[in-house]
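So for the sequence shown, my numbering puts the first residue at 35; every next one is plus one.
By construction, the Cβ of each residue, glycine as well, lies at the ideal position given by its N, Cα and C atoms.
Fair warning: this is a prediction, and the values are worked out from it, not measured in the lab.
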Amino acid sequence: MKVYAHRGYSGLYPENTMLAFEKAAETGCDGIELDVQLTKDGTVVVIHDETVDRTTWGTGRVLDYTYEELRKLDASRLFGDRYGFCPIPSFEEYCSWAAGQNLVTNIEIKTGVYYYEELEKKTLEIVRKCGLEDRVFYSSFNHMSLVRIKELAPDAFCGALQGRNLGNAGYYCRQFGFQAYHPGVKDLTEETVKSCRDNGIQVNVWTVNDMGDLEKMEQWGCDGVITNYPSVCKSWADRRRQNV
35 MKVYAHRGYS GLYPENTMLA FEKAAETGCD GIELDVQLTK DGTVVVIHDE
85 TVDRTTWGTG RVLDYTYEEL RKLDASRLFG DRYGFCPIPS FEEYCSWAAG
135 QNLVTNIEIK TGVYYYEELE KKTLEIVRKC GLEDRVFYSS FNHMSLVRIK
185 ELAPDAFCGA LQGRNLGNAG YYCRQFGFQA YHPGVKDLTE ETVKSCRDNG
235 IQVNVWTVND MGDLEKMEQW GCDGVITNYP SVCKSWADRR RQNV
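Structure below.
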């Protein structure tokens with residue numbers, strides 16, 4: 035079972051920052067999950083919320099900032115002054131770094147609240163520029179963004195994000211050409227995992243921070259977990275593999 039670092043090593047470091055990504059890579063995890071949005075001047079940036087209020091000392095919507103304005107905000111607000119200034123990275127900055135790492139990147143297209151024009155196209159262009167086509171997959175709660183990704187890049191690996199459990203999820207994903215289903219751990223059922231496996235669909239579950247949930251996901255045959263604590267989950271997964 036693969037281990038993906040949720041917004042980087044977000045349990046101990048400021049989420050969706052280069053520091054969190056670098057620390058996640060040090061754990062030996064299989065990949066990193068991150069979120070992309072667009073600035074006012076069309077730069078793809080890595081940030082989860084549609085506003086900057088929670089993770090920085092600024093206020094307002096991401097789409098109302100230029101990239102240079104956004105870079106002046108400290109994204110480590112939730113950790114006080116523990117790590118110093120941590121800027122919001124551009125997606126290209128991340129990809130340039132990831133090109134030198136042995137990691138897979140799960141790119142969440144954030145179009146569920148505001149539909150950014152050409153976010154899918156711009157994201158794909160950066161992935162191609164950095165030569166990461168074979169080391170990324172795409173996810174979104176807005177499944178139409180995944181349809182758009184497939185239109186632009188038919189071979190792209192896509193996972194349908196879902197908050198609440200979706201019955202017959204395997205059939206649903208197969209019908210739309212999605213290779214994976216990304217459910218929340220709270221409502222997921224073993225029946226849904228079986229539906230996916232029967233249809234050849236991978237299951238990557240978020241956000242798995244509880245050891246009981248981690249063990250259950252493995253027992254159910256899930257392919258991956260997305261966690262705020264990649265070091266803990268990776269160590270557990272390695273020990274399980276050694277004992278098989």
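If you draw a straight line from the Cα of L104 to the Cα of V96, it is about 8 Å long. By the Cβ criterion, the region 170-182 is in contact with the region 207-214, since at least three pairs of Cβ atoms, one from each stretch, lie closer than 8 Å. According to the DSSP assignment, T261 belongs to the beta strand (DSSP E) that extends over G258 to T261. The three-state reading of DSSP puts R41 in coil, since its state is none of H, G, I, E or B.
Q209: member of the alpha helix (DSSP H) spanning A203 to F210, first to last residue.
Under the criterion of beta carbons closer than 8 Å, V80 and L72 do not qualify as touching, at roughly 11 Å. Beta bridge pairing from DSSP links W240 with G218.
Restricting attention to L53, A133 and E152, the CA atom closest to the CA of D108 is found in L53. Between Y43 and G258 the beta-carbon gap is near 16 Å, outside 8 Å, which marks them as no contact. One Cα belongs to L68, the other to S124, and the distance between them is close to 12 Å. Taking the C-beta atoms as reference points, V70 is found nearer than 8 Å to L153. In the DSSP assignment, D232 falls outside any beta strand (DSSP E) and lies within the alpha helix (DSSP H) extending over E224 to D232. Residues R198 and N199 of the same chain have their beta carbon placed closer than 6 Å to that of D221, with the five preceding and five following residues left out of the count.
Counting along the chain, no beta strand (DSSP E) covers Q135, and no H or E run does either.
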